[in-house]
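The opening residue of the sequence shown carries number 5 in the working numbering; numbering runs sequentially from there. Note that beta-carbon positions come from the ideal geometry of N, C-alpha and C, so glycine has one too. Just below is one structure, and these are the notes that go with it.
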Amino acid sequence: MILNSASGEDRECHEAEVGLKELVVGLRWEPVQDGGAESDPPLDLDISCVMFDRHGNVAEIVHPGCVRGADDSVIHTGDSRTGAGRWDDERIYVFPQAVPEAVSALAFAVANATSRRVDAKPRASCHVSDRATEREWIRVELGYLGPRSVHCVATLYRNPPGWSICPGAMDETAQTRVAAEILTIICRAKAGEA
Numbered sequence: 005m006i007l008n009s010a011s012g013e014d015r016e017c018h019e020a021e022v023g024l025k026e027l028v029v030g031l032r033w034e035p036v037q038d039g040g041a042e043s044d045p046p047l048d049l050d051i052s053c054v055m056f057d058r059h060g061n062v063a064e065i066v067h068p069g070c071v072r073g074a075d076d077s078v079i080h081t082g083d084s085r086t087g088a089g090r091w092d093d094e095r096i097y098v099f100p101q102a103v104p105e106a107v108s109a110l111a112f113a114v115a116n117a118t119s120r121r122v123d124a125k126p127r128a129s130c131h132v133s134d135r136a137t138e139r140e141w142i143r144v145e146l147g148y149l150g151p152r153s154v155h156c157v158a159t160l161y162r163n164p165p166g167w168s169i170c171p172g173a174m175d176e177t178a179q180t181r182v183a184a185e186i187l188t189i190i191c192r193a194k195a196g197e198a
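This is the structure in structure tokens:
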């Protein structure tokens, strides 16, 4: 399933296989090759995971500055600030069987941590796949992502038989919460670099 970040396509959810052991969320982008002033920072995208409890409260966030969840059920590979990797530039590994019972949903979001825009030239995409079978459930082409903006690419929901994966956020409220939480992290990181 391929979506464009600006499209209004219907959400199509997928039931994860019973016994799913490892999920990978990968982010890839190409660096900006031309245009812009020499002082412009390189394009820096980040993938993060926001975990929600059954009441919709944020339980934990795994991001490039905090690469492991408290129980190691969610692990980030670390920050890539330039893109240009041969495969995914950043990845998040999720071990669904180890996710605490108190966590009912995990939202995966891509953030543009710089003042540059993502457009057609620096192609960027994000996928959600089964690590063992390499089955790709969702791939989002990030054709546009404005400066200091966040796009929720997928949500993993807990349900009675197991898990379901859906594109996008749970709802507009969740999208707003995810964006606010991640932008706060970005602002703190940038302030620390100043």
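What separation, rounded to the nearest whole angstrom, lies between the Cα atoms of residue 113 and residue 67? 10 Å
So the beta strand (DSSP E) residue 147 belongs to, where does it begin and stop? Where residue 147 is concerned, there is no enclosing beta strand (DSSP E), given that its DSSP letter is neither H nor E.
Where does residue 176 sit, in a helix, a strand or coil, going by DSSP? helix
If you draw a straight line from the alpha carbon of residue 185 to that of residue 35, how long is it in whole angstroms? 26 Å
Helix, strand or coil for residue 32? Go by DSSP, reduced to three states. strand
If I measure Cβ to Cβ from residue 98 and keep anything under 6 Å in the same chain, skipping five residues before and after, which residues do I get? 27, 78
Taking only three categories from DSSP, how would you classify residue 171? strand
Quick one: grab the DSSP three-state call for residue 64. strand
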